[in-house]
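Undergrad: Those letters in the sequence shown? Residues 203 to 855, per the numbering used here, in order.
Mind looking over this structure? Questions follow.
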Amino acid sequence: MRLFWLIGQGSGSRGGRAVIALAAIGLILVAGNVIVQRFAAVRLDLTAEQLYTLAPGTRRTLAKIEEPIALRYYYSSRLGEAVPAYGVYAQRVRGLLDQYVAAAHGKLRLEVYDPQPFTDAEDRAVAYRLQAVPLNDQGEPVYFGLAATNSTDDQQVIAFFNPERERFLEYDLTRLIHALALPKRTVVGLMSSLPLVVDPTAPLQGKPVEPLAIVKQLRQVDDVEPLSTDAEAIPAKIDALMLVHPQKLSDATLFAIDQFVLNGGKAIVFVDPYSEMQAALPSPHAEAAAAAPPASDLAPLFKAWGLTMLPGVVAGDRQDARRVAVPVEGRPPQTMDYVGWLNLPAANLDPDDPITANLHEITMATAGILEPAEGATTHFQPLIRTSLDAEKLPVDKVKDLPDVAALLAQFRPEQRQFVLAAHVTGDIKTAFPDGKPSPPPPSPHDVGPPPEPPKDSVPPVAALKQSVKPVNIVVVADTDMLDDRFWAQSRDFFGQRVVEPVSNNADFLANAIEVLAGGEDLIGLRSRGSAARPFEVVERIQRAADARYAAEQQNLQQKLKQAEAKLRSLTGGKGEGGSQPAATAEQAKEIDQFRADMLATRQQLRQVQAAERQDIRHLKVILEFFDIALMPIVVIAAAVVLAALRRRRVARG
Numbered sequence: 203m204r205l206f207w208l209i210g211q212g213s214g215s216r217g218g219r220a221v222i223a224l225a226a227i228g229l230i231l232v233a234g235n236v237i238v239q240r241f242a243a244v245r246l247d248l249t250a251e252q253l254y255t256l257a258p259g260t261r262r263t264l265a266k267i268e269e270p271i272a273l274r275y276y277y278s279s280r281l282g283e284a285v286p287a288y289g290v291y292a293q294r295v296r297g298l299l300d301q302y303v304a305a306a307h308g309k310l311r312l313e314v315y316d317p318q319p320f321t322d323a324e325d326r327a328v329a330y331r332l333q334a335v336p337l338n339d340q341g342e343p344v345y346f347g348l349a350a351t352n353s354t355d356d357q358q359v360i361a362f363f364n365p366e367r368e369r370f371l372e373y374d375l376t377r378l379i380h381a382l383a384l385p386k387r388t389v390v391g392l393m394s395s396l397p398l399v400v401d402p403t404a405p406l407q408g409k410p411v412e413p414l415a416i417v418k419q420l421r422q423v424d425d426v427e428p429l430s431t432d433a434e435a436i437p438a439k440i441d442a443l444m445l446v447h448p449q450k451l452s453d454a455t456l457f458a459i460d461q462f463v464l465n466g467g468k469a470i471v472f473v474d475p476y477s478e479m480q481a482a483l484p485s486p487h488a489e490a491a492a493a494a495p496p497a498s499d500l501a502p503l504f505k506a507w508g509l510t511m512l513p514g515v516v517a518g519d520r521q522d523a524r525r526v527a528v529p530v531e532g533r534p535p536q537t538m539d540y541v542g543w544l545n546l547p548a549a550n551l552d553p554d555d556p557i558t559a560n561l562h563e564i565t566m567a568t569a570g571i572l573e574p575a576e577g578a579t580t581h582f583q584p585l586i587r588t589s590l591d592a593e594k595l596p597v598d599k600v601k602d603l604p605d606v607a608a609l610l611a612q613f614r615p616e617q618r619q620f621v622l623a624a625h626v627t628g629d630i631k632t633a634f635p636d637g638k639p640s641p642p643p644p645s646p647h648d649v650g651p652p653p654e655p656p657k658d659s660v661p662p663v664a665a666l667k668q669s670v671k672p673v674n675i676v677v678v679a680d681t682d683m684l685d686d687r688f689w690a691q692s693r694d695f696f697g698q699r700v701v702e703p704v705s706n707n708a709d710f711l712a713n714a715i716e717v718l719a720g721g722e723d724l725i726g727l728r729s730r731g732s733a734a735r736p737f738e739v740v741e742r743i744q745r746a747a748d749a750r751y752a753a754e755q756q757n758l759q760q761k762l763k764q765a766e767a768k769l770r771s772l773t774g775g776k777g778e779g780g781s782q783p784a785a786t787a788e789q790a791k792e793i794d795q796f797r798a799d800m801l802a803t804r805q806q807l808r809q810v811q812a813a814e815r816q817d818i819r820h821l822k823v824i825l826e827f828f829d830i831a832l833m834p835i836v837v838i839a840a841a842v843v844l845a846a847l848r849r850r851r852v853a854r855g
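Right under this line is the structure:
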């Protein structure tokens with residue numbers, strides 16, 4: 203306070219007061235930095251996508267940490283030196299990790315290592331199974347990953363921070379911490395009208411009876427609990443309900459599913475207007491398949507959830523049609539596009555949802571079409587779509603033995619994309635406003651007391667009328683994507699069945715279960731932007747220059763190649779500088795002429811290439827002016843104006 207009193211009194215010379223003022227400002231800046239670093243990690247995030255601001259879901263996850271978690275960040279500085287793009291990304295990863303540590307209030311500990319070859323740090327990176335990437339021809343390994351452990355020695359790793367997944371960096375980090383903070387295997391309740399747990403076609407193929415490959419893969423990371431299709435309660439231990447091909451479910455079962463979702467339960471539902479899997483079931487299922495059409499819907503619940511599946515139609519897509527061998531009478535099978543079976547590439551998948559991000563292809567067969575219901579209170583986010591070259595096909599045209607050639611010849615695209623899978627979120631009301639439906643009257647053939655509910659079921663409470671929190675449901679209008687024959691190839695390897703995926707169907711299911719079971723904290727973490735900002739103006743200038751000069755440059759390069767080839771032929775293949783046999787005067791003259799033409803052509807080529815870069819150089823000059831010179835000019839001009847105004851006030855006073 204004494205310092206500020208001296209300034210206010212104006213004691214001493216004018217220069218002394220200026221020195222004291224500067225010292226006071228410096229003291230304030232130092233004190234402010236100390237306070238900020240001591241009590242909070244405050245930073246101003248001016249990026250368009252808020253890259254350096256933690257999402258609410260991340261902060262909720264960090265608040266749930268009860269035991270300390272150690273984060274060990276391995277980054278080889280040689281990688282950033284050799285490939286600067288990795289250096290930029292590494293800075294973002296480190297900055298985000300610092301934000302996590304600051305927001306965790308001591309529950310996260312960050313250790314940073316630069317694993318040089320043949321060091322203890324490299325040995326630990328190898329022990330954590332981080333991915334070593336060869337940097338050069340000598341095979342020098344570099345690392346860019348994260349290993350995390352909790353107090354009970356559970357371990358999670360990101361083997362390598364792939365820049366292609368930068369938009370999901372926060373999701374990956376939060377998922378890793380969530381798995382260590384809440385180390386429990388997800389319990390998936392599987393309710394299916396199809397035999398997914400036991401493959402009924404296995405005995406016919408001489409294979410052991412075992413679950414479908416997609417269920418086996420799901421069991422590697424989750425606990426799969428089969429549920430009866432006539433269950434009247436969903437067990438409390440179920441983290442995510444997987445409902446496949448629901449057919450003729452009783453009102454009591456529909457009510458149980460309704461209450462499970464309203465109470466915050468997560469669900470992934472597979473319905474189908476025509477299930478190829480059910481239609482192909484062998485005896486003794488053939489009679490049941492003939493009696494009931496191989497279709498399923500969940501219309502009563504879908505209406506409450508704010509969506510619908512169009513009845514009696516499947517999605518046909520000529521652009522993404524699958525190539526199949528069609529038998530032709532008296533001739534070898536002919537290969538053609540079957541518009542009812544689809545190979546859907548990454549362009550048809552939502553790149554901003556963690557469920558479908560980084561998936562390359564999904565295969566479906568006679569899939570249905572989903573649409574948001576009118577007046578829905580939920581958000582309908584498409585996950586998988588057809589291309590624009592799509593059409594609605596009646597189910598009758600694809601069942602049994604479809605005429606593939608006729609479907610292709612008669613195809614009339616509607617120039618719109620149809621939704622085949624969607625992520626539904628938001629608040630909903632019950633599909634049973636009158637409460638739990640009354641049980642059906644007992645049959646005269648029933649003997650004995652009614653069955654008791656499962657011991658671990660949710661205790662009876664008053665029926666919920668609306669969701670206690672926003673619901674999270676994934677709906678897929680196809681069951682055949684779960685069938686092995688549509689997404690994988692299996693072979694025998696020394697007595698063991700080896701499954702080789704040909705598409706990402708199993709990854710889609712695993713991602714959906716992981717995101718849903720992770721709760722709102724993970725579901726809310728959609729993709730973010732990239733820290734690497736492309737020079738869009740420069741790229742546009744470069745493309746325009748390429749378009750202007752490409753033809754001329756190509757002609758000159760071709761002319762140069764021809765001149766060089768002719769010169770080699772005249773000099774006996776020795777080139778310009780090699781030894782050559784004595785040439786006649788006429789040959790020497792011709793050689794000199796070709797060399798002159800080559801020099802002229804090379805000069806013209808350099809001029810064309812320089813012209814390509816001219817606009818970019820102009821832009822560089824402008825940017826350098828704004829970045830370097832403009833601000834000092836503005837400051838100097840402001841100082842001159844203020845000085846003039848001050849002199850004027852002094853003169854008037």
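Think of the CB as a built atom: it goes at the ideal place given N, C-alpha and C, for glycine as much as any other residue.
Evaluate LEU310 with the Cβ neighbour count: other Cβ atoms within 10 Å of its Cβ, from every protein chain shown; 16 or more gives buried, anything less gives exposed.
TA: For the purposes of this step, residue 310 is taken as the residue at position 108 of the sequence shown. Burial call: buried.
Undergrad: Contact between the segment 679-694 and the segment 413-430 is defined here as three or more beta-carbon pairs at a separation below 8 Å; is this criterion met?
TA: Touching, yes, given that three or more Cβ pairs across the two stretches are closer than 8 Å.
Undergrad: For ARG274, which residues does DSSP report across the bridge?
TA: The count along the sequence shown starts at 1 and reaches residue 274 at position 72. ARG274 is bridged to GLU313, ALA349.
Undergrad: To the nearest angstrom, how far is it from the Cα of PRO641 to the Cα of PRO437?
TA: Working through the sequence shown from its first residue, we reach residue 641 at position 439. Working through the sequence shown from its first residue, we reach residue 437 at position 235. Distance between the alpha carbons of PRO641 and PRO437 is about 20 Å.
Undergrad: Name the DSSP bridge partner or partners of VAL446?
TA: For the purposes of this step, residue 446 is taken as residue 244 along the sequence shown, with counting starting at 1. VAL446 pairs with SER394, PHE472.
Undergrad: From SER781 to GLN805, what does the alpha carbon distance come to, in whole angstroms?
TA: Here the question's residue 781 lines up with position 579 in the sequence shown. Here the question's residue 805 lines up with position 603 in the sequence shown. A caution first: SER781 carries a pLDDT of 48, below 50, which makes its placement in the model too unreliable to give a value.
Undergrad: Starting from ASN674, follow the beta strand (DSSP E) in both directions and report where the run begins and ends.
TA: Residue 674 sits at position 472 when you count from the first residue of the sequence shown. Where ASN674 is concerned, the enclosing beta strand (DSSP E) stretches over 673-678.
Undergrad: Between PRO385, TRP543, ARG524, which has its C-alpha nearest ILE423's C-alpha?
TA: Position 221 of the sequence shown, counting from 1, holds the residue named residue 423. In the sequence as presented, Ile is not what sits at residue 423; that position holds Val. Nearest of PRO385, TRP543, ARG524 to VAL423, Cα basis: PRO385.
Undergrad: What would DSSP say about PHE582, mapped onto helix, strand or coil?
TA: Here the question's residue 582 lines up with position 380 in the sequence shown. DSSP places PHE582 in strand when its eight states are reduced to three.
Undergrad: Taking the alpha-carbon of PHE620 as reference, which of LYS599, ASP554, GLY637, ALA679 has the nearest alpha-carbon?
TA: The sequence position of residue 620 within the sequence shown is 418, counting from 1. For PHE620, the closest alpha carbon among the candidates LYS599, ASP554, GLY637, ALA679 is that of ALA679.
Undergrad: For GLU372 and ARG850, what's the separation of their Cα atoms in angstroms?
TA: Along the sequence shown, one-based indexing puts residue 372 at 170. Along the sequence shown, one-based indexing puts residue 850 at 648. The straight-line gap from Cα to Cα measures roughly 57 Å.
Undergrad: Nearest-angstrom Cα distance between PHE362 and LEU332?
TA: Along the sequence shown, read from residue 1 onward, the residue named residue 362 stands at position 160. Along the sequence shown, read from residue 1 onward, the residue named residue 332 stands at position 130. Roughly 7 Å between the two C-alpha positions.
Undergrad: By Cβ distance below 7 Å, which residues in the same chain neighbour ALA490 in space, the five residues on each side in sequence not counted?
TA: Residue 490 sits at position 288 when you count from the first residue of the sequence shown. In this predicted model, ALA490 has a pLDDT of only 49, less than 50, meaning its place in the structure is not dependable enough to derive any value.
Undergrad: Let me check one thing: in DSSP terms, what residues is TRP689 bridge-paired to?
TA: The sequence position of residue 689 within the sequence shown is 487, counting from 1. BP columns for TRP689 are empty, so no partner.
Undergrad: Out of ALA306, LEU337, ASP325, ALA265, which has the shortest C-alpha to C-alpha gap to TYR288?
TA: As a working note, residue 288 is residue 86 in the sequence shown. That would be LEU337, whose Cα lies nearest to the Cα of TYR288.
Undergrad: Whole angstroms is fine: what's the gap from THR455's alpha carbon to GLN461's?
TA: Locating residue 455 in the sequence shown gives position 253, counting from the first residue. Locating residue 461 in the sequence shown gives position 259, counting from the first residue. Whole-angstrom Cα-Cα distance: 10 Å.
Undergrad: Are at least three pairs of beta-carbons, each pair with one atom in the segment 463-473 and one in the segment 439-452, less than 8 Å apart?
TA: yes
Undergrad: Nearest CA to the CA of ALA665: which residue from ALA305, TYR302, VAL463, ARG377?
TA: Translated into the one-based positions of the sequence shown, residue 665 becomes position 463. With distances taken between Cα atoms, ALA665 lies closest to VAL463.
Undergrad: In angstroms, rounded to a whole number, what distance separates the CA positions of ALA272 and ASP522?
TA: Locating residue 272 in the sequence shown gives position 70, counting from the first residue. Locating residue 522 in the sequence shown gives position 320, counting from the first residue. Rounded to the nearest angstrom, the two C-alpha atoms are 46 Å apart.
Undergrad: By the three-class DSSP mapping on this structure, what secondary structure does THR537 have?
TA: Looking up residue 537 in the sequence shown gives position 335. In the structure shown, THR537 adopts extended strand secondary structure according to DSSP, grouped into three states.
Undergrad: With which residues is ILE564 paired in a DSSP beta bridge?
TA: Taking the first residue of the sequence shown as 1, we reach residue 564 at position 362. Per DSSP, LEU546.
Undergrad: So the candidates are GLN760, VAL823, PRO258; which of them puts its Cα closest to the Cα of ASP799?
TA: The sequence position of residue 799 within the sequence shown is 597, counting from 1. The candidate whose alpha carbon is nearest that of ASP799 is GLN760.
Undergrad: For the alpha helix (DSSP H) containing HIS380, name the first residue and the last one.
TA: Reading the sequence shown from its first residue, position 178 is the one you call residue 380. Taken as a continuous stretch (DSSP letters only), the alpha helix (DSSP H) holding HIS380 covers 371-383.
Undergrad: So THR376 packs on GLY259, CB below 8 Å; how close in whole Å?
TA: As a working note, residue 376 is residue 174 in the sequence shown. As a working note, residue 259 is residue 57 in the sequence shown. Sure, about 7 Å apart at Cβ, within 8 Å.
Undergrad: Does the segment 506-518 come close enough to the segment 570-588 to have 3 or more Cβ pairs within less than 8 Å?
TA: yes
Undergrad: Alpha carbon to alpha carbon, what distance is there between ALA846 and VAL836?
TA: On the sequence shown, position 634 is the one that residue 836 refers to. On the sequence shown, position 644 is the one that residue 846 refers to. About 15 Å.
Undergrad: If we count the other Cβ atoms within 10 Å of its Cβ and call it buried at 16 or more, is VAL314 buried or exposed?
TA: Your numbering for residue 314 matches position 112 in the sequence shown. Exposed, by the Cβ-count rule.
Undergrad: Let me check understanding here. Comparing Cα to Cα, which of ASP629, ALA349, THR510, ALA305 lies closest to GLU576?
TA: The count along the sequence shown starts at 1 and reaches residue 576 at position 374. Comparing Cα positions, the closest option is THR510.
Undergrad: Please return the same chain residues whose Cβ sits closer than 7 Å to the Cβ of PRO596, not counting the five positions on each side in sequence.
TA: For the purposes of this step, residue 596 is taken as residue 394 along the sequence shown, with counting starting at 1. Hits under 7 Å: GLY514, VAL515.
Undergrad: Buried or exposed: ILE675, going by 16 or more other Cβ atoms within 10 Å of its Cβ?
TA: Against the sequence shown, residue 675 aligns to sequence position 473. Answer is buried; the Cβ neighbour count reaches 16.
Undergrad: The alpha helix (DSSP H) spanning GLN419 covers which residue range?
TA: By 1-based counting over the sequence shown, the position of residue 419 is 217. Per DSSP, GLN419 belongs to the alpha helix (DSSP H) from 415-421.
Undergrad: Closest to GLN668 by CA distance: which of PHE457, GLN480, ALA306 is it?
TA: Position 466 of the sequence shown, counted from the first residue, corresponds to residue 668. When each option's Cα is compared against that of GLN668, the closest is PHE457.
Undergrad: Below 8 Å on the Cβ atoms is my contact criterion, and I expect SER395 with PRO448 to pass it. Report the Cβ-Cβ distance as a whole number of Å.
TA: Counting from one through the sequence shown, the residue named residue 395 turns up at place 193. Counting from one through the sequence shown, the residue named residue 448 turns up at place 246. Yes, SER395 and PRO448 are in contact; Cβ-Cβ is about 6 Å, under 8 Å.
Undergrad: Out of GLY466, GLY391, LEU451, which one is the CA nearest neighbour of LEU429?
TA: Position 227 of the sequence shown holds residue 429. That would be GLY391, whose Cα lies nearest to the Cα of LEU429.
Undergrad: Evaluate GLY720 with the Cβ neighbour count: other Cβ atoms within 10 Å of its Cβ, from every protein chain shown; 16 or more gives buried, anything less gives exposed.
TA: Numbered from 1 along the sequence shown, position 518 holds the residue referred to as residue 720. GLY720 is buried by the Cβ-count criterion.
Undergrad: Would you identify the three-state DSSP class for PRO343, choosing helix, strand or coil?
TA: As a first step, residue 343 is located in the sequence shown; it is residue number 141 there, counting from the start. Correct three-state label for PRO343: strand.
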